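The next block holds one structure in the form of structure tokens; read it before the comments.
There are 2 protein chains.
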Amino acid sequence: MIRASSALYAVIGDPVGHSLSPVLHNYMINEFGLNAVYVAFRVPKSSLRRCLDSFKILGLSGINVTVPHKETVCQYVDDSSDEVKTLGAANTLKIQNDHISAHVTDPYGFLESLGTDKERFIDAPVLILGAGGAARSVLFALSKLNPGKVFLYNRTLEKAQILAQEAKKIYDLDIQTIEQTALSSAISQSSVIVNTTSVGMSPDYNKSPLQDFSAFSQQHYVYDLIYNPGKTRLLFKAEHRGSKIKNGLDMLIFQGLQSLRIWMDENLSLSEKQLKELRGLLRSELGG
Amino acid sequence: MIRASSALYAVIGDPVGHSLSPVLHNYMINEFGLNAVYVAFRVPKSSLRRCLDSFKILGLSGINVTVPHKETVCQYVDDSSDEVKTLGAANTLKIQNDHISAHVTDPYGFLESLGTDKERFIDAPVLILGAGGAARSVLFALSKLNPGKVFLYNRTLEKAQILAQEAKKIYDLDIQTIEQTALSSAISQSSVIVNTTSVGMSPDYNKSPLQDFSAFSQQHYVYDLIYNPGKTRLLFKAEHRGSKIKNGLDMLIFQGLQSLRIWMDENLSLSEKQLKELRGLLRSELGG
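Chains as they are written, first to last, in our numbering: chain F, 1 to 288; chain H, 289 to 576.
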């Protein structure tokens, strides 16, 4: 029940109208019996700073930050976690006594979403598609998983090279950028493939970050960070070739859960039953 | 279900932690199937203006205003209804495209709460206890009910005289202020008594705006705007003498419903079943 005493949390972004975060968080708030409520605010770039001031004035307790504010928001907070400093992006703000601290939960969401599939990463060659913020989060997560060689592919090679340089400095990862012509070979050499690009996301169901699926096999574990559609063209094709596939819905859930842990300062967790119910709820919000 | 697309409404006040408005409004929002959510913000006097700016920036759709901002808020809005201009107070703000209009729903809440008891007011002598903002709203409502003579009693006589002067100018009401020594006589001469003071409100269960109940009889209809406790000492004593009694819970409900109608621009109404359920919900929030 929402009461006058309920703490207020929100997601900000632009656009934000299709964000699943309110449904996700209010489900968890209810299940955990927290006295809180979670809403969404559309915040254009030009008013980000004023909005953060508003949140302090109105006494909001926490904010999730999504596109296009994840990087910019770091300029306006009072302090940042080491992970935020490393990644240069934040998705979780905790507000206490007019003080805003920035956190990032995407890498933890990725790690927790793996469950027992974490083992698939140990000493495994991994191919990462994309070199944006999501790739950064996945590289951060990989650094905790002791993978083998990491291949990094991006349509614009230079962007991949810059990210690889950065990541080599920070993490103990053996990263190699690859060109399009080397993609098939990299797929064959990898046992894990992670798509961090938005190619194939609704409504572009027919697009895929890869065009040639002939190198996919039963040996592959293919993770697409996209959760809408639940099965992208990439996952569909990979599954058809016998690969094990996973979409981004669990990462969405677990990055949200990690935000809630930071806000509540409590080690909350979802039971298998709750996780299943929550997946169903989110899928039905996505329209199937 | 709260979604990213849900419109946000809130009550502001200081203190606001015990406001029933979130429970009241979220019940109605659910019952009416509206895509909205209602929260509370504690807003100190010093930040009222900045908060209103924040609501525009964040795109809130409507605000209920409670103590101590009902009068002050009128300075900061873009336009006011005739009722707000008359009463000098607002409890409902509608926000559209950065434009804030002020409304007041308390008189309508009082009127609608009467139901068929409206008839008791026609040509009836009425005694009003108190001369503050709530008395103003009740006088406004009375002006729609064609009552008989209106007695106005306030501990500080001068305040009653000022309000009576004002009300005579605006409404076609026959108002007479009375002193404490004339109270018993006024009670005897009245058939309706309305308490608009906060005397007897939780936690002051043993207090009452009247001390001598000997003039109360079965002829009286006694309305106490207080809803916590559900039966004030005044109502308890009046009922004991055979009077018909009514507390402020229905007025709370109907002023809220009227706010929702203004925000939604829809003629919403509660069924008897919903009204009963809502009363039960609010009573249980009040702890009995």
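All residues carry an ideal CB built from backbone N, CA and C; glycine is no exception. These figures come from a predicted structure and were not determined experimentally.
Between the segment 365–383 of chain H and the segment 65–83 of chain F, the count of C-beta pairs closer than 8 Å stays below three; the two stretches do not touch. By the 16-neighbour rule on beta-carbons within 10 angstroms, Q468 of chain H is exposed. Scanning chain H for C-beta atoms nearer than 9 Å to the C-beta of C51 of chain F yields S342, I345, L346, reported in chain order. Look at G518 of chain H: its C-beta is not under 7 Å from any C-beta on chain F.
In the DSSP assignment, the residues bridged to N195 of chain F are F:L129, F:D224. Leaving aside the five residues that flank D411 of chain H on each side, the residues in its chain whose CB is nearer than 6 Å to its CB run, in chain order, G436. Runs of the alpha helix (DSSP H) lying entirely within the segment 140–216 of chain F and spanning at least 4 residues, in chain order: 157–170, 183–189. Inter-segment contact for the segment 22–33 of chain F and the segment 327–347 of chain H is absent: fewer than three beta-carbon pairs are separated by less than 8 Å.
In the DSSP annotation of this structure, Y9 of chain F is not part of any alpha helix (DSSP H); the continuous beta strand (DSSP E) holding it starts and ends at 7–13. G568 of chain H carries a helical assignment under DSSP once its states are collapsed to helix, strand and coil. It is roughly 13 Å from the alpha-carbon of S217 of chain F to the alpha-carbon of A186 of chain F.
Between T485 of chain H and L402 of chain H, the CB-CB gap reaches or exceeds 7 Å. Separation of the CB atoms of S472 of chain H and H508 of chain H is rounded to 13 Å, and the pair is thereby denied contact status at 8 Å.
The beta carbons of L427 of chain H and Y396 of chain H sit about 14 Å from each other, so the pair does not count as a contact at 8 Å. Setting aside the 5 residues that flank it on each side, L257 of chain F has no residue in the same chain whose C-beta is closer than 6 Å to its C-beta.
Within the same chain, and ignoring the five residues on either side of L461 of chain H in sequence, the residues whose Cβ sits closer than 8 Å to its Cβ are L427, L430, S431, P435, V438, A455. Q255 of chain F is classed as buried because its beta carbon has at least 16 other beta carbons within 10 Å across all chains shown. At a cut-off of 7 Å between C-beta atoms, S572 of chain H does not count as an interface residue with respect to chain F.
Excluding five sequence positions before and after T156 of chain F, the CB atoms of its chain that fall closer than 8 Å to its own CB belong to A131, given in chain order. Put simply, the segment 490–503 of chain H touches the segment 515–522 of chain H. At least three CB pairs are less than 8 Å apart. For G287 of chain F, there is no enclosing alpha helix (DSSP H), as DSSP marks it with neither H nor E. In this structure, A292 of chain H places its C-beta atom within 7 Å of the C-beta atom of V16 of chain F. Where Y315 of chain H is concerned, the enclosing alpha helix (DSSP H) starts and stops at 309–320.
At the C-beta level, R261 of chain F and L270 of chain F stay beyond 7 Å of one another. Take the alpha-carbon of E446 of chain H and the one of A452 of chain H: they are about 10 Å apart. The Cβ of G62 of chain F sits no closer than 7 Å to any Cβ of chain H.
Your pair S307 of chain H and T354 of chain H checks out as a contact, with CB atoms roughly 6 Å apart and the cut at 8 Å. Between the C-alpha atoms of Q161 of chain F and L336 of chain H there is a straight-line separation of about 51 Å. The Cβ-Cβ distance between A90 of chain F and G133 of chain F does not fall below 7 Å. Restricting attention to beta strand (DSSP E) runs no shorter than 3 residues, the segment 228–261 of chain F encloses them at 244–246, ordered along the chain.
For the segment 29–50 of chain F, residues whose beta-carbon sits nearer than 9 Å to a beta-carbon of chain H comprise V37, Y38, V39, A40, F41, R42, V43, S47, R50. Collapsing the DSSP output to three states places V327 of chain H in a strand.
Around the beta carbon of M1 of chain F, fewer than 16 other beta carbons sit within 10 angstroms, so the residue counts as exposed. According to the DSSP assignment, K382 of chain H belongs to the beta strand (DSSP E) that extends over 380–384.
Inclusion of S349 of chain H and S54 of chain F in the CB contact set at 7 Å is not warranted, their separation being larger than that value. Counting every other CB atom within 10 Å of its CB across the protein chains shown gives S259 of chain F a total of 16 or more, marking it as buried.
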